[in-house]
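*Asks:* Sharing a structure with you now.
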Amino acid sequence: MLDKISDHLNFFQQSLGLRAKKAEVIASNIANADTPGYKAVDFDFGKALQGQLRASQSGLALTTSNERHLAAQGHASATDGGLQYRSAVQPSLDGNTVDMDVERAAFTDNAMKYQSTLTFLNRRISGLMDAIKGGQ
Numbered sequence: 001m002l003d004k005i006s007d008h009l010n011f012f013q014q015s016l017g018l019r020a021k022k023a024e025v026i027a028s029n030i031a032n033a034d035t036p037g038y039k040a041v042d043f044d045f046g047k048a049l050q051g052q053l054r055a056s057q058s059g060l061a062l063t064t065s066n067e068r069h070l071a072a073q074g075h076a077s078a079t080d081g082g083l084q085y086r087s088a089v090q091p092s093l094d095g096n097t098v099d100m101d102v103e104r105a106a107f108t109d110n111a112m113k114y115q116s117t118l119t120f121l122n123r124r125i126s127g128l129m130d131a132i133k134g135g136q
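In full-length UniProt numbering, the protein residues as written are 1 to 136.
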């Protein structure tokens, strides 16, 4: 039973983890806005989420060298494909490609999507709790 609930909520878990990773990447870009030669980076959220969901469904089997070892599963990397350089809207003279307007917009968009994912997750959990309680 718990496996079915876990599978049901897996999408939200993966999505929140990737949204948090994206917030870290954007914050790193903002922190390096004045660093000469720094290139702004980002990753494709959709591709990363698909990669994470595929990896969690298939499971990355780990090999054991002794029959007494416990069975385990690994997890794919957070961005499944890695960071890519963001194309510069208007690079500065020192080679820095961070555009603060783009970064602020990306951070706000990501924060709103993170919050909406939390809201959906909260509603799913409330629905499951109602089903467990019998809809009193």
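Virtual Cβ for every residue (Gly too), placed ideally from N, Cα, C.
Could you check what DSSP says for threonine 79 in three-state terms: helix, strand or coil?
*Replies:* Because the pLDDT of threonine 79 is 45, which lies under 50, any placement of that residue in the model is unreliable, and the question is left without a value.
*Asks:* In three-state terms, what does DSSP make of aspartate 94?
*Replies:* Three-state result, aspartate 94: coil.
*Asks:* When the Cα atoms are used, what is the spatial distance from alanine 76 to asparagine 32?
*Replies:* For alanine 76, the predicted model reports a pLDDT of 45, less than 50, meaning its position is unreliable and no value from the coordinates is stated.
*Asks:* Kindly identify the DSSP beta-bridge partner or partners of tyrosine 85.
*Replies:* Per DSSP, Val41.
*Asks:* Can you tell me the Cα-Cα spacing of leucine 83 and glycine 134, whole angstroms?
*Replies:* If you take the alpha carbons of leucine 83 and glycine 134, they lie about 46 Å apart.
*Asks:* Flag this pair as touching only if the stretch 121-132 and the stretch 101-113 have three or more C-beta atom pairs under 8 Å; answer yes or no.
*Replies:* Too few Cβ pairs lie closer than 8 Å, so no.
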